[in-house]
Amino acid sequence: MLVLSRRRDESIMIGEEITITIVDVRGDKVRLGIKAPPSISVHREEVYKAIQNENSEQSSASLQS
């Protein structure tokens with residue numbers, strides 16, 4: 224894992240199309256702004272895992288039918 228330090232309003236580039244900007248820092252919370260093309264899905268980890276679980280359950284249900 225790459226670990227970087229950034230201050231408010233500083234950014235990180237991922238490839239040529241994705242920019243992550245530090246929008247705000249308050250206590251132990253950091254607000255991020257993410258610019259990415261529409262073809263790239265961006266989710267919080269817990270949302271991504273929920274989507275994966277739902278897709279897995281639907282896939283299993285369709286195989287059992």
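The opening residue of the sequence shown carries number 224 in the numbering used here; numbering runs sequentially from there.
We put the beta carbon where it would ideally sit given N, CA and C, even for glycine.
Keep in mind it's a predicted model, so treat the numbers as computed, not measured.
In this structure, the beta-carbon distance from Ile241 to Ile274 does not fall below 8 Å. Contact between Leu255 and Ile237 does not hold, since their C-beta atoms are separated by about 12 Å, which reaches or exceeds 8 Å.
Shortest Cα-Cα distance from Ser234 to any of Met224, Leu225 and Ile245 involves Ile245. In the three-state reduction of the DSSP assignment, Ile263 falls in the coil class, being assigned neither a helical nor a strand state. Glu239 is the residue among Glu239, Val248 and Glu277 whose C-alpha sits nearest the C-alpha of Ala259.
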